[in-house]
Amino acid sequence: MVLLNICNLTKHFGGLTAVNDLNLKIYQGEIVGLIGPNGAGKSTVLNMISGAISVTKGMYTFKGKDITGLPPHRIAKKGIARVFQGNVLFRNLTVMTNVLVGIHLRNNIGFWGSFFGSSYSRNIEKIMYKKASETLMLVGLSDKADELAINLSHGNQRLLCLAVALASDPELLLLDEPVTGMNAEEVSAMVSIIRMLTDKKGITSIVVEHNMRAVMSLCDRIAVISYGTKIAEGSPEEITKNPTVIEAYLGAEQNVT
Amino acid sequence: MNRKWLTSNVGSVVLICVLFVLPLLWKSTYWIHILILTGLNVLLAVSLRAFSRLGQISIGTAGFMLLGAYSSALLAKYLGLSFWITLFLGGLLAAVVALAAGYPFLKAKGIYFAILSWILAEVCRLTAWYWSSLTGGSTGLQKIPPPDPINILGLTTLTFNTKTAYYYLMLVIVIVCLVILYRLERSWLGLMWSAIREADNLAQSVGINIMGHKMLIFSVTAFFMGIAGSLYAHYMSTLSPYGEPGSVFSFTASIYVLIYVVVGGETRFAGPIIGAVLLTVIPELVRTLREYMPLIFGGLLIIVIFLIPDGIAGLGALFSRCCGKAVRFLIRKPITIKS
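If you're matching them up, the sequences are chains A and B in order.
Quick note on numbering: the numbering used here labels position 172 of the first sequence as 168, and the sequence is numbered without any gaps.
Quick note on numbering: the numbering used here labels position 110 of the second sequence as 176, and the sequence is numbered without any gaps.
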């Protein structure tokens, strides 16, 4: 089943074409890598899908429904969550509270109940706490629940970013450089968590990443973008052997004689 | 609730009791007058702090206060509506204006929003100044009726023509408003607001409608500022839209409210209350320095920002931390060097 269908997606920034006529189908339950040299337009694609920036041309559908141009919070409600590049977190809130903010989306607690502190709303709060601790357990941050997000190490902050995104119970995860700046151990931990999410919970992921080893071991399918245009698509093995991709990354061989 | 609630809020309960008994013990009309103005400043400062929890600074406080004051006064004076209705309508008008202005203005952030909010306040003030057929212009609006007496179950009639009676009226309304603002902050909405302050892009991506929340809190706090203005109008019974420092609807007045919040401490709910009380009462004790007040307030602001960023309300925590350090220093184990 096609979960996300991107058709002719184009983005101009003034005279610069950041993304040019991109076509991509994401199927349910797969992990798709989106790679390319710096400035290729990978993050722009994620920004457009999550609604953070407007689309110049083209459209994308999620579960068959056109969601092009919806504001970010509406897209989040449809079931698309996002992990930002860099550690974008609620820095001065505790780890637990960070996840609770994410969790509120699927649990409507109701304004008046919360305002007067009714027993019904307190019950929902308890359920939310339980869900939040489960999410923290999933990424392995249970023991840090009461620490401020700002005090976590980089690797743990990255995991918390993932936990906040997971808290909103998404069907599609957009991961913008999930393993950047991590050591090999943390990378493999992160990769196994993302794998586990797909295998156990059926969460589909789009991964933008520069760490090729992580991308190759994680992704079922890879799309390569260069200068806003898709130049190749296929399994990791196909991509590593594709001459166009090698050219985009390393440059073409030239005869200098 | 009940007992547990009472023990955890013993401080507030005692404070409220003291405030209710105060005019019985201290029969100075002058100080009752100051206390009424202090109460209004507390309401303004707490409202402003609630808004600034979003990470935005507003210096348009005086504008919303003016909207509440003038609309409530005009409705009571010319249409003869009861104070109890105009109080609410005054707040409502401020809230509606905030909602309408909020949509374009709240797209700006930081200092740019602050400038826009200031312009909004000045527009309100100059409207009151130049629309003299309605508001009396620079000569001011006089003879605003005091609140109507209320009849409690036919037993007694409460009138509000003395300062002490008005003090009680102000006290009850301000406490109700503060409780509402406190509960708002403690509800899920409060959590959403701090999330927006911390990282608005992440808040959006987990499904928080940040524009909606910003407009909501802007208009809710404007509502309470309008209430404060309405209370002021019916208390003073005259209003004038002067812009000089010292006038209630001037730019300086908005800045003062911001100073109450910062000096008192923005991180705690008690902060703006402490700030407003101290900075309204202390200038009255040293009236001879009145013309230097902007200078003194400015200096105080700089000192607080540099030395105690958490404000006066944060002093307790700071103090205990320092004491803890001192104690640890005193009882530390002497360093022994093994030979």
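We put the beta carbon where it would ideally sit given N, CA and C, even for glycine.
Values in this document were obtained by computation on a predicted structure and should not be read as measured data.
By the Cβ test, the region 328 to 341 of chain B is in contact with the region 365 to 376 of chain B, since at least three Cβ pairs between them sit closer than 8 Å.
Selection A:M124, A:V28, A:G37 and A:E121 evaluated against L12 (chain A) yields A:G37 as nearest (Cα-Cα). Fewer than three beta-carbon pairs drawn from the region 294 to 301 of chain B and the region 254 to 263 of chain B are found closer than 8 Å, and the two stretches are therefore not classed as touching. V91 (chain A) is outside the set of residues whose beta carbon lies under 8 Å from a beta carbon in chain B. Segment contact: the region 175 to 185 of chain A against the region 197 to 213 of chain A, three or more CB-CB distances shorter than 8 Å; contact assigned. The C-alpha of R387 (chain B) is placed about 44 Å away from the C-alpha of K73 (chain A). The three-state secondary structure of S201 (chain A), taken from DSSP, is strand. Per DSSP, N275 (chain B) lies in no beta strand (DSSP E) and is assigned neither H nor E. Interface residue (Cβ-Cβ distance to chain A less than 8 Å): V327 (chain B) is not classified as such. Non-local beta-carbon contacts of M359 (chain B) in its own chain, meaning distances under 7 Å to residues more than five positions away in sequence, involve P349 in chain order. A buried status is given to W184 (chain B), since no fewer than 16 other beta-carbon atoms sit within 10 Å of its beta-carbon. When the alpha-carbon of V162 (chain B) is set against those of B:F335, B:R334, B:I283 and B:A383, the nearest one is in B:I283. Fully contained in the region 206 to 272 of chain B are the following alpha helix (DSSP H) runs of length 4 or more, in chain order: 229 to 252, 254 to 264 and 266 to 271.
Residues of the same chain with a CB within less than 8 Å of the CB of Q270 (chain B), apart from the 5 flanking positions on each side, are I276 in chain order.
Under DSSP, V220 (chain A) takes part in a beta bridge, and its partners are A:I31 and A:A228.
Rounded to the nearest angstrom, the Cβ distance from A167 (chain B) to L186 (chain B) is 5 Å, consistent with a contact under 8 Å. For secondary structure counted as the alpha helix (DSSP H) over 4 or more consecutive residues, the region 90 to 122 of chain A holds these complete runs in sequence order: 91 to 99 and 107 to 112. Ranked by Cα distance from M124 (chain A), the options A:L101, A:V135, A:A145 and A:E143 are led by A:L101.
Under DSSP, F58 (chain A) takes part in a beta bridge, and its partners are A:L0 and A:K61. By the Cβ neighbour-count rule, S198 (chain B) is exposed, with fewer than 16 other Cβ atoms within 10 Å of its own.
Taking 8 Å as the cut-off, the beta carbon of L155 (chain A) is found no closer than this to the beta carbon of A141 (chain A).
Here the alpha carbons of I100 (chain B) and S316 (chain B) stand approximately 19 Å from one another. Per DSSP, the continuous alpha helix (DSSP H) segment holding N43 (chain A) begins and ends at K38 to I45.
The C-beta of W197 (chain B) comes no closer than 8 Å to any C-beta of chain A.
Identification of residues in the region 59 to 73 of chain A having a C-beta nearer than 9 Å to some C-beta of chain B yields P67, P68, H69, R70, I71, A72 and K73, given in sequence order. Distances from the CA of N4 (chain A) to each of A:N16, A:S39 and A:Y245 were compared; the closest alpha carbon is that of A:N16. In the three-state reduction of the DSSP assignment, K237 (chain A) falls in the helix class. The three-state secondary structure of K173 (chain B), taken from DSSP, is coil.
Contact fails between the region 228 to 246 of chain A and the region 74 to 84 of chain B, because fewer than three Cβ pairs, one in each stretch, are under 8 Å apart.
Our two residues, N217 (chain B) and L132 (chain B), have alpha carbons roughly 29 Å apart in a direct line. When Cβ-Cβ separations below 8 Å define contact, A48 (chain A) makes contact with chain B. The beta carbon of E182 (chain A) lies closer than 8 Å to those of G151, R154 and V175 in the same chain, with the five residues before and after it left out. Of the candidates A:E234, A:C215 and A:T236, A:C215 places its Cα closest to the Cα of L30 (chain A).
If you draw a straight line from the Cα of D165 (chain A) to the Cα of A77 (chain A), it is about 8 Å long. Residue burial annotation: R115 (chain B) is buried, with at least 16 other C-beta atoms found within 10 angstroms of its C-beta.
Taking each of B:K93, B:L255, B:L182 and B:P311 in turn and checking the Cα distance to F111 (chain A), the smallest one comes out for B:L255.
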